[in-house]
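Colleague: Below is a structure I'd like to ask you about.
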Amino acid sequence: YVVGRGRPGTGTAVLVTGLAINVAANLVLIPRFGITGAAASSSISYGITAVLTLAVFRRLSGRGVVETLVLQRSDERELLSFFKRLPADERAMLKRDVTDPAVIAAWCAKIDIRKVMPLLAFDGPRIVGDASLHRNHGTAWSRHVAALRVTIDPEYRRWGVGRALIRTLLDVAEPDGVAIVDAEIMAEQRGAIAMFEDLGFTCIATLPQHVIDLNYHPHDLVVMSKTLIPVERLSPDAWKSTQEVDIGGGG
1050 YVVGRGRPGT
1060 GTAVLVTGLA
1070 INVAANLVLI
1080 PRFGITGAAA
1090 SSSISYGITA
1100 VLTLAVFRRL
1110 SGRGVVETLV
1120 LQRSDERELL
1130 SFFKRLPADE
1140 RAMLKRDVTD
1150 PAVIAAWCAK
1160 IDIRKVMPLL
1170 AFDGPRIVGD
1180 ASLHRNHGTA
1190 WSRHVAALRV
1200 TIDPEYRRWG
1210 VGRALIRTLL
1220 DVAEPDGVAI
1230 VDAEIMAEQR
1240 GAIAMFEDLG
1250 FTCIATLPQH
1260 VIDLNYHPHD
1270 LVVMSKTLIP
1280 VERLSPDAWK
1290 STQEVDIGGG
1300 G
């Protein structure tokens, strides 16, 4: 977005600042905490970079923080326009008929960020990207797993909008206890698959003909996944010493 608005130097300055913070934090934290310090350094630099990027975006777009990030009821009309601008063959691959005003109205009326975190990217008043993180709070087995969905205006797909939205959602997911993030993509969507691979996702399954699109055409479904937190660290005993953990046995 920043490059597209003719401000490539600003974007570079933000990235260099994040790099400098990462190096400084590594020098302080790694000697004391080892690999945990390295992970903390990365989290700190990513977080500050995200905040700086948001500040630049706000300044260039003239939008407020909440408007920049989270879907609001007032976005209903523009969100419908956004989806209608998508090519018909791409809309057919989405799970819902996003040209139906009732579908968009329901999304905007039932916003619960504890279950679904919906983010929008704007170019002025125009929505150019939509992404959401879906939590499994009510599913005991998969409560540590979230699903990620993203759709980008075709005119903005070389601007890094999709990557920015995904990175923001990943930054939100990890502190909220999400260990694994999955994304389901049609096998034909090679550009989307490449983008997720660049962001550290790996293909964990290809399910033949598991999707029938809105035009009743079958497609193979590719499941991409990224681990944010090693699942074993989610155990209540993960941060206890060996002496504190009851490992069973007689006595």
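Each residue of the sequence shown is one higher than the one before, starting from 1050 at the first, in the numbering used here.
Ideal placement from N, C-alpha and C gives every residue a C-beta, glycine not left out.
None of the values given here were measured: they were computed from a predicted structure.
#1: Measure the CB-CB distance between Asn1071 and Ser1094 and report whether it falls below 7 Å.
#2: What three-state label does DSSP hand Ile1093 in the structure shown?
#3: Work out the CA separation of Val1063 and Leu1101 for me, nearest whole Å.
#4: I want to check one thing, is the minimum distance from the CB of Ile1153 to the heavy atoms of the ligand FAD below 6 Å?
#5: How many angstroms separate the CA atom of Gly1067 from the CA atom of Thr1059?
#6: What three-state label does DSSP hand Val1115 in the structure shown?
#7: Decide if Val1065 is buried, meaning its Cβ has at least 16 other Cβ atoms within 10 Å, or exposed.
#8: Write down the C-beta distance between Ala1170 and Leu1214 rounded to the nearest angstrom, noting that I regard them as a contact closer than 8 Å.
#9: Within the continuous beta strand (DSSP E) that includes Thr1148, where are the two ends?
#10: Pair every Cβ in the region 1151–1159 with every Cβ in the region 1125–1137, then say whether three or more of these pairs are closer than 8 Å.
#11: Quick test of your reading: Val1272 and Asp1231, contact by CB under 8 Å. State the CB separation rounded to the nearest angstrom.
#12: Going straight from the alpha carbon of Ile1176 to that of Ser1130, what length do you get?
#13: Spatial neighbours of Val1227 within its chain, please: CB distance less than 8 Å, with the 5 preceding and 5 following residues excluded, ordered by chain position.
#14: Measure how close the beta-carbons of Thr1148 and Lys1133 come, nearest whole angstrom, since I'm counting them as under 8 Å.
#15: Taking its Cβ as the centre, do 16 or more other Cβ atoms sit within 10 Å of Arg1282, making it buried, or is it exposed?
#16: Compute the Euclidean distance between the alpha carbons of Gly1086 and Ala1069, then round it to the nearest angstrom.
#17: Please go through the same chain and pick out, in chain order, the residues whose beta-carbon is closer than 7 Å to the beta-carbon of Met1244, but skip the five residues on each side of it.
#18: Val1260: which of Thr1251, Arg1081, Glu1237 and Val1280 sits nearest, CA to CA?
#19: Please state the DSSP three-state secondary structure of Lys1159.
#20: From Ala1180 to Arg1198, what distance separates their C-alpha atoms?
#21: Is it true that the CB of Met1235 sits closer than 7 Å to the CB of His1266?
#22: With Phe1171 as the anchor, note down where its beta strand (DSSP E) starts and where it stops.
#23: Here's the rule: buried if 16 or more other CB atoms are within 10 angstroms of the residue's CB, otherwise exposed. What is Arg1081?
#24: Would you mind working out which of Thr1061, Ser1092 and Leu1078 sits nearest Leu1219, comparing C-alpha positions?
#25: Grouping DSSP H, G and I as helix and E and B as strand, with all else coil, what is Ile1215?
#26: Compare the Cα-Cα distances from Asp1146 to each of Thr1255, Asn1264 and Gly1240 and report the closest residue.
Modeller: On the basis of the coordinates in this document:
#1: To locate residue 1071, count along the sequence shown from 1; it is residue 22. To locate residue 1094, count along the sequence shown from 1; it is residue 45. A Cβ-Cβ contact shorter than 7 Å links Asn1071 with Ser1094.
#2: Within the sequence shown, residue 1093 is the residue found at index 44, counting from 1. DSSP, reduced to helix, strand and coil, places Ile1093 within a helical segment of the structure shown.
#3: One-based indexing of the sequence shown puts residue 1101 at position 52. One-based indexing of the sequence shown puts residue 1063 at position 14. For Leu1101 and Val1063, the distance between alpha carbons rounds to 7 Å.
#4: As for the ligand FAD, it is missing from this structure, which has no ligand bound.
#5: Against the sequence shown, residue 1067 aligns to sequence position 18. Against the sequence shown, residue 1059 aligns to sequence position 10. Each residue's Cα considered, the two are about 13 Å apart.
#6: To locate residue 1115, count along the sequence shown from 1; it is residue 66. At Val1115 the pLDDT is 40, less than 50, meaning the model places this residue with poor confidence; the figure from the coordinates comes in the next sentence. Three-state DSSP puts Val1115 in a helix.
#7: Counted from its first residue, the sequence shown places residue 1065 at position 16. Per the 10 Å Cβ criterion, exposed.
#8: Within the sequence shown, numbered from 1, the residue matching residue 1170 stands at position 121. Within the sequence shown, numbered from 1, the residue matching residue 1214 stands at position 165. Right, their Cβ atoms sit about 6 Å apart.
#9: Taking the first residue of the sequence shown as 1, we reach residue 1148 at position 99. Note, Thr1148: premise wrong, no beta strand (DSSP E); not H, not E.
#10: Between the region 1151–1159 and the region 1125–1137, the count of Cβ pairs shorter than 8 Å is three or higher; the stretches touch.
#11: For this step, residue 1272 is matched to residue 223 along the sequence shown. For this step, residue 1231 is matched to residue 182 along the sequence shown. Contact holds; Cβ gap of about 6 Å.
#12: Here residue 1176 refers to the residue found at position 127 when the sequence shown is read from its first residue. Here residue 1130 refers to the residue found at position 81 when the sequence shown is read from its first residue. Rounded to whole angstroms, Ile1176 and Ser1130 show a C-alpha spacing of 8 Å.
#13: Locating residue 1227 in the sequence shown gives position 178, counting from the first residue. Closer than 8 Å at Cβ, skipping near neighbours: Leu1182, Arg1184, His1193, Val1194, Ala1195, Leu1277 and Ile1278.
#14: In the sequence shown, the residue the question calls residue 1148 occupies position 99. In the sequence shown, the residue the question calls residue 1133 occupies position 84. Between Lys1133 and Thr1148 the Cβ distance is about 6 Å, and since that is below 8 Å, they are a contact.
#15: Along the sequence shown, one-based indexing puts residue 1282 at 233. Per the 10 Å Cβ criterion, exposed.
#16: If you number the sequence shown from 1, residue 1086 lands on position 37. If you number the sequence shown from 1, residue 1069 lands on position 20. Taking the Cα positions, Gly1086 is about 16 Å away from Ala1069.
#17: Along the sequence shown, read from residue 1 onward, the residue named residue 1244 stands at position 195. Here the set comprises Gly1211 and Arg1212.
#18: Walking along the sequence shown from the start, residue 1260 turns up at place 211. Restricting attention to Thr1251, Arg1081, Glu1237 and Val1280, the CA atom closest to the CA of Val1260 is found in Glu1237.
#19: Taking the first residue of the sequence shown as position 1, residue 1159 is located at position 110. When DSSP states are grouped into helix, strand and coil, Lys1159 belongs to the coil group.
#20: Translated into positions along the sequence shown, residue 1180 becomes position 131. Translated into positions along the sequence shown, residue 1198 becomes position 149. Cα atoms of Ala1180 and Arg1198: separation of roughly 5 Å, rounded to the nearest angstrom.
#21: As a position in the sequence shown, residue 1266 is number 217, starting the count at 1. As a position in the sequence shown, residue 1235 is number 186, starting the count at 1. The Cβ atoms of His1266 and Met1235 lie no closer than 7 Å to each other.
#22: Mapped onto the sequence shown, residue 1171 falls at position 122. Counting along the chain, Phe1171 sits inside the beta strand (DSSP E) bounded by residues Val1165 to Asp1172.
#23: The residue given as residue 1081 occupies position 32 in the sequence shown. Classification for Arg1081: exposed.
#24: For this step, residue 1219 is matched to residue 170 along the sequence shown. With distances taken between CA atoms, Leu1219 lies nearest to Ser1092 out of Thr1061, Ser1092 and Leu1078.
#25: Residue 1215 sits at position 166 when you count from the first residue of the sequence shown. It is helical.
#26: Numbered from 1 along the sequence shown, position 97 holds the residue referred to as residue 1146. Comparing Cα positions, the closest option is Asn1264.
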